[in-house]
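Okay, so here's the structure we're looking at.
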Amino acid sequence: MDPIDLDHVLTVLGAAAWSLNEQSRARVAAGLALTVYDGHTRDQGTPYLEHPLAVVRLLRTEIGVRRPETLLLALLHDALEVSPESEALLVHHLGGPFTARLRAMTADHRLEQRTKSVGDETRWRAKQAALPPEELLVRLADRLHNLRDLAASPNLDRRRRFLQTLGDFHLFLADAARDLGPHLETMHARLHAEYVHHIQEVRP
């Protein structure tokens with residue numbers, strides 16, 4: 001795999017095709033991603049930044065997303081989850097409205113840097129269900145990549161909980177949103193098909 005540096009992130013974003021102002025914003029966002037995700041790993045032991053880059057790639061190549069701001073949201077969608085203390089940095093460089101969108105995509109217990117407690121899952125589901133279409137598309141792309149990556153997770157309980165939540169919540173959320181636009185329609189079809197395929201593969 002190519003080294004994950006600024007040029008690599010910009011290539012994954014497809015920023016070369018963007019306007020000059022959009023390219024400038026992309027460089028700022030890419031630099032922030034390198035900073036915010038640095039030192040964090042997934043439970044598979046891989047660098048955390050590989051995940052948001054995979055979500056960006058999925059949205060571009062499979063769903064057909066070209067809007068720069070959507071792809072920047074995808075790049076930084078987990079920034080406040082892994083590094084809540086980076087909020088001021090994000091506001092300073094990318095603005096309050098953009099950072100507020102990231103907050104809306106992040107569970108409250110993550111933002112508050114505390115252990116998940118009773119009621120948090122219900123509140124998190126309600127928060128996701130209230131997302132605007134663009135943010136919801138990114139969140140569902142995150143779910144799709146996590147599903148594809150699930151077999152690499154050594155945490156069997158996490159895998160079980162992920163599939164349960166996907167089956168009893170996210171698939172219904174995707175189904176309810178599929179009429180909101182062609183990207184969400186494609187995402188619903190892709191997520192549903194891969195969930196069914198995954199369940200069939202792991203069934204005894």
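Following full-length UniProt numbering, the numbering of the sequence shown begins with 1 at its first residue and continues without gaps. C-beta: ideal position from N, C-alpha, C; glycine also. What you are looking at is a predicted structure, and each value in this text was computed from that prediction instead of being measured.
Check: Supposed contact pair ALA174 and HIS188 - C-beta distance, whole angstroms, cut 8 Å; Outcome: 4 Å
Check: Minimum C-alpha distance to ILE4 - residue among ASP38, ALA26 and ARG114; Outcome: ASP38
Check: Alpha carbon of ARG154 to alpha carbon of ASN146, nearest angstrom; Outcome: The sequence given here has Pro at residue 154, not Arg. Each residue's alpha carbon lies about 13 Å from the other.
Check: Buried/exposed call for THR61, threshold 16 Cβ in 10 Å; Outcome: exposed
Check: Short Cβ contact (8 Å threshold) for LEU49 with ALA33; Outcome: yes
Check: Beta-carbon gap between LEU137 and THR70 smaller than 8 Å; Outcome: yes
Check: Own chain partners of PRO204 with C-beta closer than 8 Å, once the 5 adjacent residues on each side are dropped; Outcome: Since pLDDT at PRO204 reaches only 47, below the 50 mark, its modelled position is unreliable, and no value is offered.
Check: Of the residues LEU171, HIS8, ALA54 and ARG66, the one placed nearest ALA17, counting alpha carbons only; Outcome: ARG66
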